[in-house]
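Protein chains in written order, with our numbering: chain F, 430 to 686; chain C, 517 to 795.
In this text, a Cβ means the ideal position worked out from N, Cα and C, and glycines have one as well.
This one's a predicted model, so the numbers in the text were calculated from it and none came from an experiment.
Worksheet: the structure to be examined is printed underneath.
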Amino acid sequence: MKTLKSFGYLLGLPLILLAWWWLATSGEPNFFVPTPAKLLTTFVETWFGERMLTDVLPSIMRLLVGVLAAIVLGIVLGLAVGLNRTLRAVTEPVFEFFRALPPPVLVPVLMLLVGINDGMKIAVIISGCVWPVLLNTIEGVRSIDPVQNETSRSYGITGFSRIRYQILPSATPTIMAGVRQALSIGLILMVISEMFASSSGLGFTIVQFQRSFAVPEMWSGIVVLGLIGVALSFIFQWVQRRVLRWYHGLKEVENAV
Amino acid sequence: MTQTTEQSTRAAVKAKASRVPSKGLPKWVLGLVGIVVFLGFWELMPALGVVQAKYLPPASEVIAALVTDLGLSAFWVAVGDTMAAWAIGLAIAVVAALVLGLVIGMSPFLRRFTNSSIEFLRPIPSVALIPLAVLLFGIKIESSLLLIVYACFWQVLIQVLYGVADVDNVAMQTARSYGFSYAQRVRDVVFPTMLPYLMTGIRLAASVALILAITAELLIGSPGLGKEIALAQSGGAISGMYALILATGFLGVGINAVTRVVEKRVLSWHPSVRGEATV
């Protein structure tokens, strides 16, 4: 009974929305909105086949490479800057500017500097994703409990082991918040870099469909992007739960007191 | 007795806090040094032949182009178009998310009922809607608005839902037992608790709205700074393009600064901000 109820909560609204969509489109055919059945068949026809290999997987690869590189770069640079007060003060205004710069405007710049190739697309993704990770790492390192710092100093914990056992764990909750932002920015930039200058990839294909008025195919592309976004957010939540298990445990204890 | 020791410790902490930054140069000088080093590096890159000057003009040339832009009315029209799309889109998203968030958040049933749909719809990237926007509205401001409203709506909605969930149960029950109506409960109990969360949502949404306004202009060609960047790039006016990119960066910095100030003003009564001011 209880599982039935939670299933109802989980699927109730999506089913209502699907039924409403089905009813609204089942009368006379609408040019802009395909019926659910039409969209499903188009989705399978369009994406399960050659396109999976030529467009979808390369796009996802570029996204993953870019985001992972940005995370590593952001954490390493963030540790270096966050641990040095002078360096932090020197870099703050410049970093603040780059964070405020809307990442898509860098697409034309990188097109000029790198050329139109896979490297440019990965560079675009890195250049947009690195800022939330970098700034959150700096913020996380800065806000470490001073008592903890003094404790590790008096125990003589320095250098790499201090970073590994004191600084990284304390900064992880803040860093994860940055990674979450980086993921959604990365997905946006993957699509934009392909819409701009490309002859393959998801973004390119979807724009192609739209230009040739292949409306159900275009919608099926939007669905693919949505599914990638949802999948990324689930993977992120799973990783976050593992990485921050100790932290959530701590919070529960604190809240219980 | 305890109070005096506490006061003296606090004074000591305060003295320490104010002493530490004064070690060495003041902070703004260091920041200025950083900016100068960055600009110098940029100036030298094409001069030393690391990058060709036709791809990356020296900083002085770009800044000169930006100064020329500032005197042109076409530039200000583009800024106005971008800011109009930003403001209208943000306003629609905030109002819609606030109203829906309050209604959903106040009802435990609706919160559970809508959870799966919200978690599914939220991560869908707004740029996926670009083809749809082009198809529906063409190169008009409505295209930008569709993207901005979609992206910002989730940012604010999630924060409002967190905020409403944070309302103190005792306060809520007290209000109920005093016979507060629904509207009174929203105004006097829920709203003050939720306000810091709402302001965070608006601050995040404000920068997201700028990103999408520029993106829509760049890709769809609706009027604004993004369209000017695309035009400058395809026309080969490279230093003009860099100048426009600098301008969008300054717009972003300005929006961040203004939302920070507004947040502080609106929440001046709130412990989180009050604490910041005294220490």
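Distance, residue j Cα to residue i Cα
| i | j | result |
| --- | --- | --- |
| THR475 of chain F | ARG528 of chain F | 38 Å |
| VAL672 of chain C | ILE489 of chain F | 28 Å |
| GLY751 of chain C | ILE736 of chain C | 17 Å |
| THR603 of chain F | LEU563 of chain F | 11 Å |
| GLU792 of chain C | VAL576 of chain F | Reliability of the predicted coordinates at GLU792 of chain C is poor, the pLDDT of 47 falling under 50, and the value obtained from them is presented with this limitation in mind. Straight-line Cα distance between these residues: approximately 20 Å. |
| ILE596 of chain F | THR470 of chain F | 51 Å |
| ASP746 of chain C | PRO537 of chain F | Sequence check: residue 746 of chain C is Ala here, not Asp. Approximately 8 Å between the Cα atoms of the pair. |
| SER649 of chain F | LEU447 of chain F | 15 Å |
| ASP547 of chain F | VAL676 of chain C | 40 Å |
| VAL672 of chain F | LEU679 of chain F | 13 Å |
| PRO739 of chain C | LEU661 of chain C | 12 Å |
| GLY620 of chain F | SER627 of chain F | In the sequence as displayed, the identity of residue 620 of chain F is Val instead of Gly. Looking at the two C-alpha atoms, the distance is approximately 10 Å. |
| GLU559 of chain C | VAL567 of chain C | 11 Å |
| SER538 of chain C | VAL534 of chain F | Residue confidence is low: SER538 of chain C scores 48 on pLDDT, short of 50, so the model does not pin down where it sits. No coordinate-derived value is stated. |
| LEU433 of chain F | ILE604 of chain C | 43 Å |
| SER572 of chain F | THR601 of chain F | 12 Å |
| TYR694 of chain C | PHE625 of chain C | 24 Å |
| LYS530 of chain C | VAL570 of chain F | Its pLDDT being 46, under 50, LYS530 of chain C is placed unreliably in this model, and the value from its coordinates should be taken loosely. Between LYS530 of chain C and VAL570 of chain F, the C-alpha separation is close to 21 Å. |
| ILE657 of chain F | VAL549 of chain C | 43 Å |
| ALA466 of chain F | LEU637 of chain C | 20 Å |
| GLY437 of chain F | LEU452 of chain F | 21 Å |
| SER755 of chain C | ALA763 of chain C | 12 Å |
| ILE718 of chain C | GLN749 of chain C | 32 Å |
| VAL652 of chain F | TYR666 of chain C | 16 Å |
| VAL680 of chain C | PHE589 of chain F | 43 Å |
| VAL686 of chain C | TRP560 of chain F | 41 Å |
| GLN666 of chain F | ALA563 of chain C | 47 Å |
is_contact[residue i, chain F] using C-beta, thresh 8 Å
| i | result |
| --- | --- |
| PHE554 of chain C | yes |
| ALA644 of chain C | yes |
| VAL777 of chain C | no |
| THR709 of chain C | no |
| PRO639 of chain C | yes |
| GLY716 of chain C | First, the amino acid is wrong: residue 716 of chain C is Thr here, not Gly. So, not an interface residue. |
| ALA793 of chain C | Because the pLDDT of ALA793 of chain C is 44, which lies under 50, any placement of that residue in the model is unreliable, and the question is left without a value. |
| PHE591 of chain C | no |
| GLY605 of chain C | no |
| GLN749 of chain C | yes |
| SER673 of chain C | It should be noted that the sequence gives Leu, not Ser, for residue 673 of chain C. No, because no Cβ of chain F sits closer than 8 Å to the Cβ of LEU673 of chain C. |
| LEU564 of chain C | no |
| ILE730 of chain C | yes |
| PHE669 of chain C | no |
| PHE636 of chain C | yes |
| LEU616 of chain C | no |
Any C-beta of chain C under 8 Å from that of residue i
| i | result |
| --- | --- |
| PHE461 of chain F | yes |
| VAL553 of chain F | no |
| ALA529 of chain F | yes |
| THR432 of chain F | no |
| SER627 of chain F | no |
| THR464 of chain F | no |
| MET624 of chain F | yes |
| THR483 of chain F | no |
| THR587 of chain F | no |
Residue i: contacting residues in chain F (beta-carbon distance under 9 Å)
| i | result |
| --- | --- |
| GLY654 of chain C | Simply none; closest approach about 12 Å. |
| VAL680 of chain C | Residues of chain F passing the Cβ test: none, with the nearest at roughly 18 Å. |
Distance between beta carbons of residue j and residue i, contact taken as under 8 Å
| i | j | result |
| --- | --- | --- |
| GLY547 of chain C | ALA509 of chain F | So it is not a contact: roughly 18 Å between Cβ atoms. |
| GLY607 of chain F | ASN578 of chain F | With a Cβ gap of about 22 Å, GLY607 of chain F and ASN578 of chain F do not count as contacting. |
| PRO641 of chain C | ILE617 of chain F | 5 Å |
| ILE545 of chain F | GLY495 of chain F | The Cβ separation is near 16 Å, so there is no contact. |
| LEU555 of chain C | ALA575 of chain C | 5 Å |
| SER632 of chain C | LEU654 of chain F | Not a contact, Cβ separation roughly 19 Å. |
| CYS668 of chain C | LEU606 of chain C | 6 Å |
| LEU541 of chain F | TYR571 of chain C | 5 Å |
| VAL523 of chain F | ILE551 of chain C | 6 Å |
Listed by chain order, chain C residues near residue i by CB distance under 9 Å
| i | result |
| --- | --- |
| GLN639 of chain F | ILE646, PRO647, LEU648, VAL650 and LEU651 |
| LEU763 of chain F | Residue 763 of chain F is absent from the structure shown; chain F starts at 430 and stops at 686. |
| LEU661 of chain F | PRO639 |
Per-residue contacts from residue i into chain C (C-beta, under 7 Å)
| i | result |
| --- | --- |
| LEU616 of chain F | PRO641 |
| VAL559 of chain F | The premise fails here: VAL559 of chain F is roughly 15 Å from chain C at the closest Cβ pair, so nothing lies under 7 Å. |
| ALA518 of chain F | LYS543, LEU546 and GLY547 |
| GLY658 of chain F | PRO639, ILE640 and PRO641 |
| SER455 of chain F | By Cβ distance, chain C contributes nothing, its closest Cβ being about 21 Å from SER455 of chain F, past 7 Å. |
Partners in chain F for residue i, counting only beta-carbon separations shorter than 8 Å
| i | result |
| --- | --- |
| SER633 of chain C | LEU442, PRO443 and LEU446 |
| VAL769 of chain C | GLU525, PHE526 and ALA529 |
Contact set between residue i and chain F, taken where Cβ atoms lie within less than 7 Å
| i | result |
| --- | --- |
| MET757 of chain C | PRO537 |
| ARG628 of chain C | TYR438 |
Cβ-heavy atom distance, residue i to the ligand MN, below 7 Å
| i | result |
| --- | --- |
| ASN546 of chain F | Ligands are entirely absent from the displayed structure, and the ligand MN is therefore not among its contents. |
Cutoff 8 Å: residue i Cβ touching any chain D Cβ
| i | result |
| --- | --- |
| VAL636 of chain F | Although the question refers to chain D, the structure presented lacks it and instead comprises the protein chains F and C. |
Contacts that residue i makes with chain C (C-beta to C-beta distance below 8 Å)
| i | result |
| --- | --- |
| SER613 of chain F | PRO639 and PRO641 |
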